[in-house]
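**Q** Residue numbers (our numbering), protein chains in the order written: chain A, 1 to 264; chain B, 265 to 895.
Before anything else, here's the structure in question.
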Amino acid sequence: MNDLDHLEAEGIYIFREAFNRLDNIAMLWSLGKDSNVMLWLARKAFFGHVPFPVVHVDTERKFPEMIEFRDRKAKEWGLNLITGLCPPVEEMDPTLPPAARSAARKTVGLKWLNDKYKWTGIFAGIRRDEQAVRAKERFFSPRGETSEWDFRDQPPEFWGQFNTDFPPGTHLRIHPLLSWTEIDIWRYTQREKIPTISLYFSKNGKRYRSLGDQDITFPVDSEASTIDEIIQELTTTTVSERAGRAMDHEQEDAFERLRRAGYM
Amino acid sequence: MSAASKPHVTLSGQNPFQLVIVGHVDHGKSTFVGRLLYETGALPESKVQQIRAVSERRGQRMEWAFLLDAFQAERDQGITIDVSRIPFKTDRRQYVIIDAPGHKEFLKNMVTGAADAEGAFLMIDAKEGLQEQSRRHAYLLSLMGTHQVSVLVTKMDLINYDHAKFQKIETDIRAYLRELGFSPRAVVPIAAQGDEADNIVHRSTNMLWYTGPTVVELLDILEPRPQNEQLPLRMPVQDVYRLDERRIVAGQIETGRLAVGDTLIFSPSGKTAKINSIEGWNISYKPNEASAGQPVGFTLDQQIFVERGEIASHAIDPPILTNVFRGSIFWFNDKPLRAGDVLKMKLTTAEHMVTVQSVDEVIDTENLGGTGRNEVQRSEVAKVTLRARGLMALDEASRAPLTGRFVLVDNFRIVGGGTISMDGYPDQRDLVTKRGTNLTASVTQVDRDARWKRNGHKGAVLWMTGLSGAGKSTIAREAEKVLFLKGFNVYVLDGDNVRGGLNANLGFSPEDRAENIRRVGEVAALFADAGIICLASFISPYASDRERARTAAGDAFHEVYVRADLEVCEERDPKGLYKKARTGEIPDFTGISAPYEAPDAPQLEINTAALSIDEGVAALVAYVEQQIRLT
Numbered sequence: 001m002n003d004l005d006h007l008e009a010e011g012i013y014i015f016r017e018a019f020n021r022l023d024n025i026a027m028l029w030s031l032g033k034d035s036n037v038m039l040w041l042a043r044k045a046f047f048g049h050v051p052f053p054v055v056h057v058d059t060e061r062k063f064p065e066m067i068e069f070r071d072r073k074a075k076e077w078g079l080n081l082i083t084g085l086c087p088p089v090e091e092m093d094p095t096l097p098p099a100a101r102s103a104a105r106k107t108v109g110l111k112w113l114n115d116k117y118k119w120t121g122i123f124a125g126i127r128r129d130e131q132a133v134r135a136k137e138r139f140f141s142p143r144g145e146t147s148e149w150d151f152r153d154q155p156p157e158f159w160g161q162f163n164t165d166f167p168p169g170t171h172l173r174i175h176p177l178l179s180w181t182e183i184d185i186w187r188y189t190q191r192e193k194i195p196t197i198s199l200y201f202s203k204n205g206k207r208y209r210s211l212g213d214q215d216i217t218f219p220v221d222s223e224a225s226t227i228d229e230i231i232q233e234l235t236t237t238t239v240s241e242r243a244g245r246a247m248d249h250e251q252e253d254a255f256e257r258l259r260r261a262g263y264m
Numbered sequence: 265m266s267a268a269s270k271p272h273v274t275l276s277g278q279n280p281f282q283l284v285i286v287g288h289v290d291h292g293k294s295t296f297v298g299r300l301l302y303e304t305g306a307l308p309e310s311k312v313q314q315i316r317a318v319s320e321r322r323g324q325r326m327e328w329a330f331l332l333d334a335f336q337a338e339r340d341q342g343i344t345i346d347v348s349r350i351p352f353k354t355d356r357r358q359y360v361i362i363d364a365p366g367h368k369e370f371l372k373n374m375v376t377g378a379a380d381a382e383g384a385f386l387m388i389d390a391k392e393g394l395q396e397q398s399r400r401h402a403y404l405l406s407l408m409g410t411h412q413v414s415v416l417v418t419k420m421d422l423i424n425y426d427h428a429k430f431q432k433i434e435t436d437i438r439a440y441l442r443e444l445g446f447s448p449r450a451v452v453p454i455a456a457q458g459d460e461a462d463n464i465v466h467r468s469t470n471m472l473w474y475t476g477p478t479v480v481e482l483l484d485i486l487e488p489r490p491q492n493e494q495l496p497l498r499m500p501v502q503d504v505y506r507l508d509e510r511r512i513v514a515g516q517i518e519t520g521r522l523a524v525g526d527t528l529i530f531s532p533s534g535k536t537a538k539i540n541s542i543e544g545w546n547i548s549y550k551p552n553e554a555s556a557g558q559p560v561g562f563t564l565d566q567q568i569f570v571e572r573g574e575i576a577s578h579a580i581d582p583p584i585l586t587n588v589f590r591g592s593i594f595w596f597n598d599k600p601l602r603a604g605d606v607l608k609m610k611l612t613t614a615e616h617m618v619t620v621q622s623v624d625e626v627i628d629t630e631n632l633g634g635t636g637r638n639e640v641q642r643s644e645v646a647k648v649t650l651r652a653r654g655l656m657a658l659d660e661a662s663r664a665p666l667t668g669r670f671v672l673v674d675n676f677r678i679v680g681g682g683t684i685s686m687d688g689y690p691d692q693r694d695l696v697t698k699r700g701t702n703l704t705a706s707v708t709q710v711d712r713d714a715r716w717k718r719n720g721h722k723g724a725v726l727w728m729t730g731l732s733g734a735g736k737s738t739i740a741r742e743a744e745k746v747l748f749l750k751g752f753n754v755y756v757l758d759g760d761n762v763r764g765g766l767n768a769n770l771g772f773s774p775e776d777r778a779e780n781i782r783r784v785g786e787v788a789a790l791f792a793d794a795g796i797i798c799l800a801s802f803i804s805p806y807a808s809d810r811e812r813a814r815t816a817a818g819d820a821f822h823e824v825y826v827r828a829d830l831e832v833c834e835e836r837d838p839k840g841l842y843k844k845a846r847t848g849e850i851p852d853f854t855g856i857s858a859p860y861e862a863p864d865a866p867q868l869e870i871n872t873a874a875l876s877i878d879e880g881v882a883a884l885v886a887y888v889e890q891q892i893r894l895t
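Structural data, given as structure tokens:
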């Protein structure tokens, strides 16, 4: 088994554990490269099926291509797609910096959906290498009743044993891609021929490395127009993946505050 | 950490080597890791500038540890709260560093980080030397099955690169690690905080007396995790899916390999079936075989009911079946662990409620001896005996490590973990599986009541259990005579009359002893059925064996505990057996080198430390008069 086989095996194992141990689960599908890999792993785990809903929290500021991709693939792959909207930015915590305030809308949008569907567990495609705070995450990460993350008192996870026993009212975030890196995602996308949104590929000297809302995500300079070229680019770049995400650069602890409040 | 920097690249398809770094809280781990990343070119210059700026803003010199301390809270407290995983590479290969925290109360995070590591660095502060926490961490590494440990002696600059002081530390730590079964490839003296890093990438000019490898040279000679494909097949069932008319048994192969056409046995249920096909999705053809580490799903040739928690293996070399085992555990619950506690145990995908039968030893990690205490406090390591109601499928960690370890759950949280050994306990597989299955009980024309009426008493098994020397056989023989004279149909079964014939082919291994008791239990049950009072006098140390004898005889079974403390029995030592056991001449001797599980609720207890033989016989006879004679 090579490194991608190991990552795939870990993801499949986590999907199967969560599906067996938890009653009411759903998967976040942001339509980005990571969540497309995550969806692929789910289909591998369940032999082509996705036995739970996939959830897209629509900020109504996504790129049109993403929405088109969503609706087309949901039909083609037989997904149970659930979408939900977000509150206007004016209703967000005014002490947060502007872009973080914008990103916080998504957290509230997800909370609304969760209040309606009462999921006990949600799969999210975060990776440790994306951001320092995410490096501290667990595969099965409990949230309290108010969705907050208590990073000081996290349950231990070892020997492939995850915490799947919880008092009533606990909500879990499950992270099948935690061990992956950005390059792993692209290598796997290439190996498995996973369909991908074209915004990741260079047009007129620019491409998106990370896709968020149109108003707070910016393309980076790049000539990479194929996955091979993207991988090549990533092996030499010293620009970080979320460089185009405005909210990461506003305040030293803005991301941590978002995440404790339930941001993915 | 940013994903963007060059060293994150994994293009070779090689699995990164997982390295854990442990040690005392102030022994400089985070600083070392920050410096290692910098020295191996793993950090983009922008990141270094950022840390430099943060350090300056706080009015401190360049603080390498800030790199890893992602949280505001940690910077303020100055200790690492959780585990970080940081990739880097040398010219030879990729690594992932697991930076485990050293603060004592954060043991659970260290375990989270270290449990899956392939190699470990133990950091020791040159000024402080070997501390209690250094020893505890080394001990935990041995419990978690880490297969190699090396040592970095940090902050050598603070002791002026003193060779003699270093040698003292090296001697101490090598001796301690040897006792744990580790032989470190190197003990490297380093300094990470100063302008020049010593012995990390570049050989130090301050310690010319040191001729061993630098840290990077050491890294590159560590051996990767051994492959598990050669071990016996173990595939714990994770789930069973019914999809498109297929019933797919899904799980991850922990060890060994399987192939289409293989006959699998599922434990503990004992059901067997052949693999019909190995399933997959988005693959061009169905594989014919699969091996350790792979998640698989397969169909079987028969519709047998298997469920999550069973372990699939080949019929040759299946896992052990038992309801009791010994665990070497680490404990990180606030509540101490005591005998009698009931916890949920998870072993791969199986879950069992287990009772702590005994806390056998709380380990003193200073000297690796026992502490004499019998409750396990937070952050301690201990040896315990755990018992479940039903049979569990498991392995000894020394044979099949991945199915020979478990975690304990209390109040919804994982509170500890450990590895399994079976010291002195038998595999119960043969006892439960080698029964004839195509036999039907012949219907007797003479019924039980008729036999009882003619005898004037019921048939019974008086199962006399107790340590060697407690007085079982003496009391049984005397009582037999008294009861016979009173007109009872009575007969004694003991080692003397079964070992020579019925059980002549059995020795004294735990398995043979268990089989000995199984046969006696069945024979005694037949005696009872024939209307006879059978006095079965056997040490029968395992509760599970006696339980089986009870099952065989049904309500005719009466457990009699012939009780005397080990000290008393050893002093009596009528056959000189204890003496031989103490010298090791007799192995697996009950009470000395094998366990005795006293009955929880015997029908009759005869305490021979307090009663004379005659009093003991009288108690037994009185019991028969009351319970077994027909009135």
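Idealized CB from N, CA, C, for every residue including glycine.
Any beta carbon of chain A sitting closer than 8 angstroms to that of B/Q278?
**A** yes
**Q** So, is the C-beta of B/T376 closer than 8 angstroms to a C-beta in chain A?
**A** Under the Cβ distance rule, B/T376 counts among the residues neighbouring chain A, one pair being separated by less than 8 angstroms.
**Q** When the distance is taken between beta carbons, is B/P488 closer than 8 angstroms to B/E382?
**A** yes
**Q** Report yes if the CB atom of B/K843 is closer than 8 angstroms to the CB atom of A/Q161, and no otherwise.
**A** no
**Q** Out of B/V413, B/A306, B/S737, B/F589, point me to the one whose CA is closest to B/G682's CA.
**A** B/F589
**Q** Shortest alpha-carbon distance to B/A813 belongs to which of B/A724, B/I539, B/S876, B/Y887?
**A** B/A724
**Q** Show which residues of chain A have a CB atom less than 7 angstroms away from the CB atom of B/F676.
**A** D165, F166, P167
**Q** Quick check on DSSP: helix, strand or coil for B/D598?
**A** coil
**Q** Where are the alpha helix (DSSP H) runs, 4 residues long or more, that stay fully inside the stretch 22 to 88 of chain A, in chain order?
**A** 33 to 45, 64 to 76
**Q** Just reading off the alpha helix (DSSP H) that B/A817 is part of, what are its end residues?
**A** B/A817 -> alpha helix (DSSP H) spans 807 to 817.
**Q** Looking at the C-beta of A/T196, does it have a partner C-beta in chain B at a distance below 8 angstroms?
**A** no
**Q** Check whether the Cβ atoms of B/N279 and A/E192 lie closer than 8 angstroms to each other.
**A** no
**Q** May I ask which residues mark the beginning and end of the beta strand (DSSP E) holding B/G515?
**A** 510 to 516
**Q** For the stretch 741 to 755 of chain B and the stretch 775 to 787 of chain B, state whether three or more C-beta atom pairs, one from each stretch, are separated by less than 8 angstroms.
**A** no
**Q** Output the distance between the C-alpha atoms of B/I343 and B/Q431, rounded to the nearest integer angstrom.
**A** At B/I343 the pLDDT is 37, less than 50, meaning the model places this residue with poor confidence and gives no usable figure here.
**Q** On the three-state DSSP scale, how would you describe B/D355?
**A** Secondary structure of B/D355 (DSSP, three-state): coil.
**Q** Do B/V451 and B/I464 have their CB atoms nearer than 8 angstroms?
**A** no
**Q** Exposed or buried, which one is B/P532 when buried takes at least 16 other CB atoms within 10 Å?
**A** buried
**Q** With a threshold of 8 angstroms on Cβ separation, who are the neighbours of A/I183 within its own chain once the five nearest residues in sequence on each side are excluded?
**A** Around A/I183, the same chain offers I231, L234, T235 as residues with beta carbons nearer than 8 angstroms, after the five sequence neighbours per side are excluded.
**Q** Using a Cβ-Cβ cutoff of 7 angstroms, what residues of the stretch 184 to 215 of chain A are near chain B? List them in chain order.
**A** D184, E192
**Q** Check B/E869 in the structure and name its three-state DSSP category.
**A** In this structure, B/E869 counts as strand in the three-state DSSP scheme.
**Q** What span of residues does the beta strand (DSSP E) with B/H427 cover, start to end?
**A** Looking at the DSSP string, B/H427 is not in any beta strand (DSSP E); the run it does join, the alpha helix (DSSP H), is 427 to 444.
**Q** My output table needs one value for B/E615: the three-state DSSP class, helix, strand or coil.
**A** strand
**Q** Keeping to the same chain, check which residues put their C-beta closer than 7 angstroms to that of B/D340; ignore five residues upstream and five downstream.
**A** Residue placement at B/D340 cannot be trusted, given a pLDDT of 38 that sits under 50; the coordinates are not used to answer.
**Q** Please check the pair B/Q502 and A/R16, which I expect to be a contact at CB under 8 angstroms, by giving their CB distance rounded to whole angstroms.
**A** 5 angstroms
**Q** The alpha helix (DSSP H) with B/L830 in it runs from where to where?
**A** 830 to 836
**Q** Identify each residue in the stretch 549 to 570 of chain B for which the Cβ-Cβ distance to at least one residue of chain A is less than 7 angstroms, and report them in chain order.
**A** Going along the stretch 549 to 570 of chain B in chain order, one finds G557, Q558, P559, G561 with a Cβ nearer than 7 angstroms to chain A.
**Q** Going along chain A, which residues have a C-beta under 9 angstroms from B/P351?
**A** Ordered by position in chain A, the residues that pass the 9 angstroms Cβ test against B/P351 are D129, T181.
**Q** At which residue ranges does the stretch 611 to 655 of chain B contain complete beta strand (DSSP E) runs of 3 or more residues, listed in the order of the chain?
**A** Counting whole runs of 3 or more residues, the stretch 611 to 655 of chain B contains the beta strand (DSSP E) stretches 614 to 628.
**Q** DSSP state of B/A883, grouped into three classes?
**A** helix
**Q** Please classify B/M617: is it buried, with 16 or more other beta-carbons within 10 angstroms of its beta-carbon, or exposed?
**A** exposed
**Q** Beta-carbon within less than 6 angstroms of B/A337's beta-carbon, same chain only, minus the 5 sequence neighbours each way: which residues are those?
**A** Note that B/A337 scores a pLDDT of 39, beneath 50, so its modelled location is shaky; the value from the coordinates is reported in the next line. If the five residues before and after B/A337 are omitted, its C-beta is found closer than 6 angstroms to no C-beta atom of its own chain.
**Q** Please compile the residues from chain B whose C-beta is within a distance smaller than 7 angstroms of the C-beta of A/N20.
**A** Q502, D503, R572
**Q** What are the residues that DSSP puts in a beta bridge with A/R173?
**A** A/I122, A/S141
**Q** Among B/I362, B/T475, B/T586, whose alpha-carbon lies nearest the alpha-carbon of B/D694?
**A** B/T586
**Q** Which word fits B/Y505, buried or exposed, when buried means at least 16 other C-beta atoms lie within 10 angstroms of its C-beta?
**A** buried
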